[in-house]
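Asks: What follows is a structure written as structure tokens; I'll ask about it next.
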Amino acid sequence: MAGRRALMVVLVALGAVPIVSGLAGLFIGPAFIPGGASTPVSVDNNYRFIDAYWLAGGVALCWSLFRLEERAVVTRTILVIAVVGGFGRLMSVLAVGWPTPMFGTALVLELVALPLVVWWHARVVRAGGKDREPATEAQPLGAASSMASPVDAA
Numbered sequence: 286m287a288g289r290r291a292l293m294v295v296l297v298a299l300g301a302v303p304i305v306s307g308l309a310g311l312f313i314g315p316a317f318i319p320g321g322a323s324t325p326v327s328v329d330n331n332y333r334f335i336d337a338y339w340l341a342g343g344v345a346l347c348w349s350l351f352r353l354e355e356r357a358v359v360t361r362t363i364l365v366i367a368v369v370g371g372f373g374r375l376m377s378v379l380a381v382g383w384p385t386p387m388f389g390t391a392l393v394l395e396l397v398a399l400p401l402v403v404w405w406h407a408r409v410v411r412a413g414g415k416d417r418e419p420a421t422e423a424q425p426l427g428a429a430s431s432m433a434s435p436v437d438a439a
């Protein structure tokens with residue numbers, strides 16, 4: 286399915302951005318971003334903390350792609366969290382003005398492109414689910430198995 290393959294490429298790219306920038310933010314700090322040279326200690330501390338979440342979101346997004354249908358909720362949740370982050374950027378624009386072009390582009394991506402990707406993902410997953418067998422439900426720990434164990438056979 287061509288639409289599925291294209292979606293996967295887009296989602297891998299969307300996952301790679303927070304992985305790379307999250308690692309850079311953790312190790313380099315606010316100096317990594319345009320205009321982020323010297324900052325107060327508390328800002329640096331909070332920035333690196335938030336970059337850990339940013340990194341984790343990228344890793345989780347890439348992880349979710351290994352089973353697109355089964356982990357659809359994870360994929361969409363991460364994308365929607367990024368959309369909410371876009372509203373945080375918009376609040377910053379309204380409070381203190383426009384950031385550098387890189388962050389202005391991120392704002393548009395988060396508020397325009399990501400909702401479209403969530404919609405696209407839902408369509409692809411819905412279409413893909415028709416071609417696949419439903420996933421079996423996991424058994425709770427300690428539940429009886431449908432297969433007899435060697436101990437039961439003795």
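Residue 426 in the working numbering sits at position 141 of the sequence shown, with consecutive numbering throughout.
For glycine and all other residues, C-beta sits at the position ideal for the given N, C-alpha and C.
From V369 to V358, what distance separates their C-alpha atoms?
Replies: Roughly 16 Å between the two C-alpha positions.
Asks: Report yes or no: is there a C-beta of chain C within less than 8 Å of the C-beta of V295?
Replies: No chain C is part of this structure, which consists of one protein chain only.
Asks: What is the DSSP secondary structure of T450, reduced to helix, strand or coil?
Replies: Nothing can be reported for residue 450: it is not among the residues displayed for the chain, which extend from 286 to 439.
Asks: Any idea if G342 is buried or exposed, counting beta-carbon neighbours within 10 angstroms, 16 or more meaning buried?
Replies: Looking at its Cβ environment, which holds 16 or more other Cβ atoms inside 10 Å, G342 is buried.
Asks: My guess is that I363 and L346 are in contact by the Cβ rule of under 8 Å, so how many angstroms apart are they, rounded?
Replies: Contact holds; Cβ gap of about 5 Å.
Asks: Alpha helix (DSSP H) containing R333: first to last residue?
Replies: Run containing R333: 326–349, per the alpha helix (DSSP H) assignment.
Asks: Can you give me the C-alpha to C-alpha distance between V305 and R411, rounded to a whole angstrom?
Replies: In a straight line, the C-alpha of V305 is about 31 Å away from that of R411.
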